[in-house]
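Let me begin by presenting the structure, written as structure tokens, before commenting on it.
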Amino acid sequence: MNSASIVVPWGEKGAMGYLPDGTTFVQPAFPPEKVVDSVAAGDTFIAALISSLSRKQSLKEATKFACWVAGAKVGVVGFDGLADALSQANLPDKM
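Residue numbers for the sequence shown follow my numbering, so the first one is 718 and each next one is one higher.
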């Protein structure tokens, strides 16, 4: 068995993951009401994924959180207002 895990972000389609046991999973995106700025959405996804994994969340939970944060990011210009957008958005279930 391989011990590697892989997560591939697919933008507005969400992300896909590969677990060490060979199973895969798909996490749908959390799009904002209106996309206004996609610059650095991928960087935001990766930062949220790493942050979540460092808090010992599973890869599936971390991917869900990363999709949610990246979705909130594309709903604001730059990073100004991202904290407000995150605090006003509904966290996905079981986060």
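The beta-carbon is built from N, C-alpha and C at its ideal position, and this holds for glycine as well.
With which residues is A732 paired in a DSSP beta bridge? P726, Q744
Just to confirm, are F742 and G734 a CB contact at a threshold of 9 angstroms? yes
By Cβ distance below 8 angstroms, which residues in the same chain neighbour A789 in space, the five residues on each side in sequence not counted? F747, P749, L799, A802, L803, A806
Between V753 and V724, which are expected to be in contact by the criterion C-beta below 8 angstroms, what is the C-beta distance as a whole number of angstroms? With a Cβ gap of about 25 angstroms, V753 and V724 do not count as contacting.
Kindly list the residues whose CB is nearer than 6 angstroms to the CB of Q744, restricted to its own chain and excluding five residues on each side of it in sequence; keep chain order. G731, A732, T780, K781, C784
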